[in-house]
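First to last, the sequence lines map onto chains A and B.
If you read the first sequence in my numbering, its first letter stands for residue 1, the second for the next number, and so on.
If you read the second sequence in my numbering, its first letter stands for residue 235, the second for the next number, and so on.
Quick notes on the structure that follows.
There are 2 protein chains.
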Amino acid sequence: MSQPLVAILDDEPEIRNMLSDALGEAGFRTVSFGRATEFEAALRKTAPDVCLVDLGLPDRDGLTLVHRLALESGAAIIIISGRAQVQDRVTGLELGADDYIIKPFEPAEVVARVRARVRDARPAATGGASTAQFAGWTAHFDRYVLEDAEGRETSFSHAEGEVLRLFLEAPKRLINRTQMQEALGGAAGESFDRAMDVRISRLRTKLGEDPKNPKLIKTIYGAGYIFLGDVTWR
Amino acid sequence: MSQPLVAILDDEPEIRNMLSDALGEAGFRTVSFGRATEFEAALRKTAPDVCLVDLGLPDRDGLTLVHRLALESGAAIIIISGRAQVQDRVTGLELGADDYIIKPFEPAEVVARVRARVRDARPAATGGASTAQFAGWTAHFDRYVLEDAEGRETSFSHAEGEVLRLFLEAPKRLINRTQMQEALGGAAGESFDRAMDVRISRLRTKLGEDPKNPKLIKTIYGAGYIFLGDVTWR
DNA sequence: CCGAATTGTAACGAATTCTTTCAGCGGGTC
DNA sequence: GACCCGCTGAAAGAATTCGTTACAATTCGG
């Protein structure tokens with residue numbers, strides 16, 4: 001994955017530019033939005049690593065937005081706000097924000113805090129392990145073998161392994177399509193990439209999922225996929 | 235994994251106690267140290283999830299310590315410091331700290347920030363409550379599953395989930411139409427938005443409501459909707 | 001009780017996603 | 001080299017999801 005992507009949501013253009021410039025110089029890609037609705041629409045297609053959200057937007061309650069983001073996107077969320085009360089900060093953080101920066105702010109600090117978020121988002125808890133257990137299955141990525149609860153082994157292919165690993169590295173988090181395309185070595189996915197769906201479909205079959213009611217790999221219409229099940233890396 | 239462990243390093247006993255108390259009430263286990271040397275010795279035995287480190291300790295350069303911690307321990311690191319300059323914060327964060335709190339601080343904010351660190355260290359445990367019980371139903375928002383009194387599961391879609399969550403978050407309170415439109419990510423469409431009604435209708439069906447006499451989702455003509463039923467979030 | 005405003009819902013259709021089928025590719029075998 | 005075979009993506013059609021439309025049902029003021 002190339003440079004981390006930071007999404008900026010603020011209604012004041014100057015602030016958007018200031019942040020965008022500072023982050024750009026620091027080596028981040030950025031996208032900016034002035035309204036929550038645009039922002040959310042874009043979020044369906046893009047998958048930022050960090051979201052900088054200004055509270056007090058004109059067209060929506062910012063905290064509600066933060067809450068939804070926290071639950072539905074895997075991105076780190078940093079609130080930027082003019083409200084300096086402790087209570088504001090606490091509720092913001094409780095609702096799922098990862099950090100809270102008070103206006104007026106120094107761009108340098110914002111950059112540093114964004115870096116801190118990106119840094120610890122990277123090492124997914126899989127410290128070099130090559131075997132994962134979940135829902136009665138054991139996946140051996142070193143041998144390309146999937147073992148069921150009774151110890152019977154099936155082998156899986158490289159493509160299937162990529163998808164499975166992606167899911168197992170981010171369990172219980174929403175993964176949207178672009179995110180997945182990128183991770184799958186996908187050529188900057190044009191929207192007509194059914195390939196990914198097919199991979200997922202085949203993986204589901206291999207995991208014995210009931211198509212009508214999948215328990216492990218769920219589809220969130222218009223948003224992406226989410227892998228349920230507790231994963232333990234060995 | 236029981237309660238997360240927070241290690242506190244500060245040379246002032248009152249601060250150690252204040253933090254320890256506040257975090258203890260919030261359900262964390264804590265260990266406190268007054269000197270960096272003790273702290274490091276103890277670190278070999280215990281593996282805290284979060285370290286609260288006061289800069290400006292008598293016996294060692296705090297930033298060096300932070301740097302080593304960041305490299306060697308998997309714990310999240312939060313700096314607490316009286317030095318309020320932007321530059322201090324930036325270097326602290328660059329050196330590997332995950333957050334930087336300025337003295338004097340409110341215990342409540344520290345707790346909230348510790349929670350935020352613990353939360354994203356463990357993607358498995360969704361920070362906020364994600365399961366709600368009401369009228370014999372159990373809604374699992376993390377799995378998009380609705381469970382009836384006999385334990386039978388149906389999955390609900392994203393759109394249905396949004397409506398349901400909205401109701402469950404504000405039970406026994408009137409929710410007017412505009413409020414709902416906004417919360418549902420709806421492009422604040424003008425009055426020709428039957429979409430919302432349809433969503434609610436479909437949700438009612440899924441909840442097995444009697445159209446003539448809904449028990450859970452009531453319509454207040456000309457005002458909005460109200461969700462009856464006692465909700466318990468888990 | 002009548003009419004207008006408001007709300008419910010069935011039916012349609014657009015967008016999105018799932019799955020089957022088919023063909024190309026590469027590796028291995030004879 | 002000819003053949004077989006599993007892997008993978010493309011294409012196509014089926015199936016979902018969900019908003020819109022149209023109309024039925026309900027409520028309220030008079």
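Built from N, CA and C at the ideal position, the CB exists for glycine as well.
Is the CB of A149 (chain A) under 8 Å away from at least one CB in chain B?
-> So no, A149 (chain A) is outside the interface.
Taking the continuous beta strand (DSSP E) assigned at S435 (chain B), which residues delimit it?
-> Boundaries around S435 (chain B) are those of the alpha helix (DSSP H), 429-440, since no beta strand (DSSP E) includes it.
In the structure shown, what three-state DSSP assignment does F227 (chain A) receive?
-> Three-state result, F227 (chain A): strand.
Give the DSSP-derived three-state secondary structure of N447 (chain B) in the structure shown.
-> In this structure, N447 (chain B) counts as coil in the three-state DSSP scheme.
Cα-Cα separation between D382 (chain B) and K440 (chain B), rounded to whole angstroms | Cα to Cα, the separation comes out at about 11 Å.
Near-chain A residues of the segment 384-413 of chain B (beta-carbon distance less than 7 Å), N- to C-terminal order | So the close ones are S389, S391, H392.
Across which residues does DSSP place E147 (chain A) in a beta bridge pair?
-> A:T138, A:E153.
Could you list which residues in chain B have their beta carbon closer than 7 Å to that of K264 (chain A), in chain order?
-> With chain A covering 1 to 234 only, the question about residue 264 (chain A) has no answer from this structure.
Output, in sequence order along the chain, the residues in the segment 314-339 of chain B whose CB is closer than 9 Å to any CB in chain A.
-> The segment 314-339 of chain B vs chain A, Cβ under 9 Å: V320, Q321, R323, V324, T325, G326, L327, E328, G330, A331, D332, D333, Y334, F339.
Would you mind telling me which residues of chain B sit closer than 9 Å to T64 (chain A), beta carbon to beta carbon, in chain order?
-> Going along chain B in sequence order, the residues near T64 (chain A) (Cβ under 9 Å) are E416, A417.
Does the separation of the CB atoms of V344 (chain B) and G326 (chain B) fall below 8 Å?
-> Their beta carbons are not under 8 Å apart, which means V344 (chain B) does not touch G326 (chain B) by this criterion.
Shorter than 8 Å from the beta carbon of Q3 (chain A) to some beta carbon of chain B?
-> So no, Q3 (chain A) is outside the interface.
Given 8 Å as the limit, is there contact between the segment 74-81 of chain A and the segment 138-153 of chain A, that is, 3 or more CB pairs closer than that?
-> No, they do not touch.
By a C-beta neighbour count over all protein chains shown, 10 Å radius and 16 as the cutoff for buried, is V432 (chain B) buried or exposed?
-> Burial call: exposed.
DSSP state of A275 (chain B) mapped onto helix, strand, coil = In this structure, DSSP gives A275 (chain B) a helical state, which the three-state scheme calls helix.
From E394 (chain B) to L437 (chain B), what does the alpha carbon distance come to, in whole angstroms?
-> Rounded to whole angstroms, E394 (chain B) and L437 (chain B) show a C-alpha spacing of 6 Å.
Every unbroken beta strand (DSSP E) within the segment 257-330 of chain B, with a cutoff of 3 residues, ordered by chain | The qualifying runs are 263-267, 284-288, 310-315.
Where does A7 (chain A) sit, in a helix, a strand or coil, going by DSSP?
-> A7 (chain A): strand per DSSP, three-state reduction.
Kindly indicate which residue of B:R263, B:K279, B:G296, B:L303 has the alpha-carbon position closest to the one of R317 (chain B).
-> For R317 (chain B), the closest of B:R263, B:K279, B:G296, B:L303 by C-alpha to C-alpha distance is B:G296.
Out of curiosity, what's the CA-to-CA distance linking N176 (chain A) and P247 (chain B)?
-> Rounded to whole angstroms, N176 (chain A) to P247 (chain B) spans 48 Å at the Cα level.
Are the CB atoms of F330 (chain B) and A304 (chain B) nearer to each other than 8 Å?
-> First, the amino acid is wrong: residue 330 (chain B) is Gly here, not Phe. Cβ distance < 8 Å, so G330 (chain B) and A304 (chain B) count as in contact.
Are the C-beta atoms of G361 (chain B) and some chain A residue less than 8 Å apart?
-> Its pLDDT being 45, under 50, G361 (chain B) is placed unreliably in this model, and the value from its coordinates should be taken loosely. Interface flag for G361 (chain B) against chain A is set, since a Cβ pair is found closer than 8 Å.
Local conformation of N17 (chain A) per DSSP, three classes | Secondary structure at N17 (chain A): helix, using DSSP grouped into helix, strand and coil.
Mind checking if D182 (chain B) is an interface residue toward chain A, Cβ cutoff 8 Å exclusive?
-> Outside the shown range of chain B, which is 235 to 468, sits residue 182 (chain B), and nothing can be said about it.
When the Cβ atoms of the segment 398-417 of chain B are set against those of the segment 444-463 of chain B, are three or more pairs found closer than 8 Å?
-> The segment 398-417 of chain B, when compared against the segment 444-463 of chain B, does touch it at the 8 Å Cβ threshold.
By the 10 Å Cβ neighbour count, where 16 or more other Cβ atoms means buried, how is D10 (chain A) classified, buried or exposed?
-> Buried, since its Cβ has 16 or more Cβ neighbours within 10 Å.
Is the CB of A112 (chain A) under 8 Å away from at least one CB in chain B?
-> Yes, its Cβ sits closer than 8 Å to a Cβ of chain B.
Determine the DSSP secondary structure at L398 (chain B), reduced to helix, strand or coil.
-> For L398 (chain B), the three-state secondary structure derived from DSSP is helix.
Segment limits, beta strand (DSSP E) that includes Y100 (chain A) | DSSP places Y100 (chain A) in the uninterrupted beta strand (DSSP E) bounded by 99-102.
Taking C-beta pairs closer than 9 Å, name the residues in chain A that A366 (chain B) reaches, listed in chain order.
-> What A366 (chain B) touches in chain A: nothing, since even the nearest Cβ is about 13 Å away.
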